[in-house]
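> All residue numbers for the sequence shown refer to my numbering, where the first residue is 75 and numbers rise by one. No residue lacks a Cβ here, since even glycine has one placed at the ideal position from N, Cα and C. My questions all concern the structure below.
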Amino acid sequence: MGVDPMAIEQFQECGYSIARGLFNPEEVSFLKTYFTEMVERGGDGWAEGGVQRDHEDPLRRYPRLLQPHRGDKVAMDYMVDARINQWLTALLSREPLAVQTMVYFKPPGARGQALHQDNRYLKVEPGTCVAAWMALDPCDEENGCLEVVPGSHKLDMVCPVPSDMTQSFTGETVPVPPGLSTEMLPLQPGDVLFFNGSLIHGSPPNRSDRFRTIIVGHYIEGDAECVSEYYDPVYRMDGSTIDIPRSPEGQPCGVFVDRDGEKVLELSGTISEAKSAH
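In structure tokens, the structure reads:
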């Protein structure tokens, strides 16, 4: 079955679209169990900063898994799944290239991630990146579902300012542009949220007694000519690799900063404005 034209229109106008129930309950249960067991046995080398069992911060006890597809078939299979490819091809008007997988565990009491734009980290040129963000638990406002700023994907990259480190594990946040507002996007397990890499988004802390577990793949437009070298290798959706130029800049989507950690650069305005000022 094809992708609903209304979903494509929403993606173009709002910067996101949701494929409800794209993965079935058995698949979701398998993925949640598989990656939870992975992080609980130490992360198999993919856990950001390692697993620190006795740390007071829940996100140190359950750190996100970064790029597991580079050595794990289950993560790779998710990244290049035919259903995701079908949706992305419809949304982007051509088949994408795949560059990243992450698994986020947000235990009860964990901080969220401040508003940001993914392409600030991926450095895709021309065009942008896009995410396929799947809920493995019910995601709601209480446990920190995704929050987006509809329409912000049509703007330039917005430079960040320091975030509230009591609420976010990342040290920077992107201000909501004038005239726009945030929207919470509750999801059920198996729902996949596709969103533009320039869309401002983030998530609040988990104030519930439930986990909020998700897996996300990141992709770049099929005609992209450059991406950050952190995202090497770049894959076609059949799992083969393709060589495109790499930018030496860029990093994972959001960098974990300890509460009493390093200072972050205070900026405002847009990247284009910042460039014109120097």
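Would you kindly report the start and end of the unbroken beta strand (DSSP E) that includes F179?
Segment 171 to 180, the beta strand (DSSP E) holding F179.
> Out of Y108, V125, T110, which one is the CA nearest neighbour of G116?
Ranking the options by Cα distance to G116, first place goes to V125.
> Please list, in chain order, all residues of the same chain as W299 whose beta carbon is under 8 Å from its beta carbon, the five residues on each side excluded.
Sequence check: residue 299 is Glu here, not Trp. The residues are E199, P200, I318, P319.
> Kindly indicate which three-state DSSP category M231 falls into: helix, strand or coil?
Correct three-state label for M231: coil.
> To the nearest angstrom, how far is it from the Cα of V266 to the Cα of E130?
Cα to Cα, V266 sits roughly 31 Å from E130.
> Contact between the stretch 307 to 316 and the stretch 231 to 242 is defined here as three or more beta-carbon pairs at a separation below 8 Å; is this criterion met?
No, the stretch 307 to 316 is not in contact with the stretch 231 to 242.
> Which residues does DSSP pair with W207 in a beta bridge?
DSSP, once it has assigned bridges, lists L267, V290 as partnering W207.
> Counting along the chain, where does the alpha helix (DSSP H) carrying I158 start and finish?
Segment 156 to 166, the alpha helix (DSSP H) holding I158.
> Buried or exposed: which applies to M208, given that a residue is buried once 16 or more other Cβ atoms fall within 10 Å of its Cβ?
Buried is the call here.
> Would you kindly work out how many angstroms separate the C-alpha atoms of D155 and N217, rounded to a whole number?
When rounded, the distance between both Cα atoms is 27 Å.
> Are the stretch 189 to 197 and the stretch 228 to 238 in contact at 8 Å, needing three or more beta carbon pairs?
Yes: at least three Cβ pairs fall under 8 Å.
> Exposed or buried, what is G76 when buried is set at 16 or more other beta-carbons lying within 10 Å of its beta-carbon?
Exposed is the call here.
> Measure the C-alpha to C-alpha separation of L162 and T110 and round it to an integer number of angstroms.
Going from the Cα of L162 to the Cα of T110 covers about 27 Å.
> Using three-state DSSP, classify E221 as helix, strand or coil.
Here E221 sits in strand by DSSP.
> Just the Cα atoms here: how many angstroms apart are C88 and Y152?
Using only the alpha carbons, I get a separation of about 25 Å.
> List, from N- to C-terminal side, the alpha helix (DSSP H) runs of 4 residues or more that fit wholly inside the stretch 84 to 141.
Counting whole runs of 4 or more residues, the stretch 84 to 141 contains the alpha helix (DSSP H) stretches 99 to 114, 132 to 135.
> N280: buried (16+ other C-beta within 10 angstroms of its C-beta) or exposed?
So N280 ends up on the buried side.
> Pull up the distance between the alpha-carbon of Y293 and that of L166, whole angstroms please.
Between Y293 and L166, the C-alpha separation is close to 11 Å.
> Should S255 go down as buried or exposed, given a rule of 16 or more other Cβ atoms within 10 Å for buried?
Label assigned to S255: exposed.
> How about the stretch 144 to 151 and the stretch 89 to 96: do they share at least three Cβ pairs that are nearer than 8 Å?
No, because fewer than three Cβ pairs between the stretch 144 to 151 and the stretch 89 to 96 fall closer than 8 Å, the two stretches do not touch.
> Assign G145 to one of two classes, buried (16 or more other C-beta atoms within 10 Å of its C-beta) or exposed (fewer than that).
With fewer than 16 other Cβ atoms within 10 Å, it is exposed.
> Classify T107: buried if its beta carbon has 16 or more other beta carbons within 10 angstroms, exposed otherwise.
Per the 10 Å Cβ criterion, exposed.
> Identify the continuous beta strand (DSSP E) that holds M258 and give its terminal residues.
Counting along the chain, the beta strand (DSSP E) containing M258 begins and ends at 257 to 259.
> Mind reading off the beta-carbon distance from G271 to V204? Whole number of angstroms is fine, and I expect it under 8 Å.
Right, their Cβ atoms sit about 6 Å apart.
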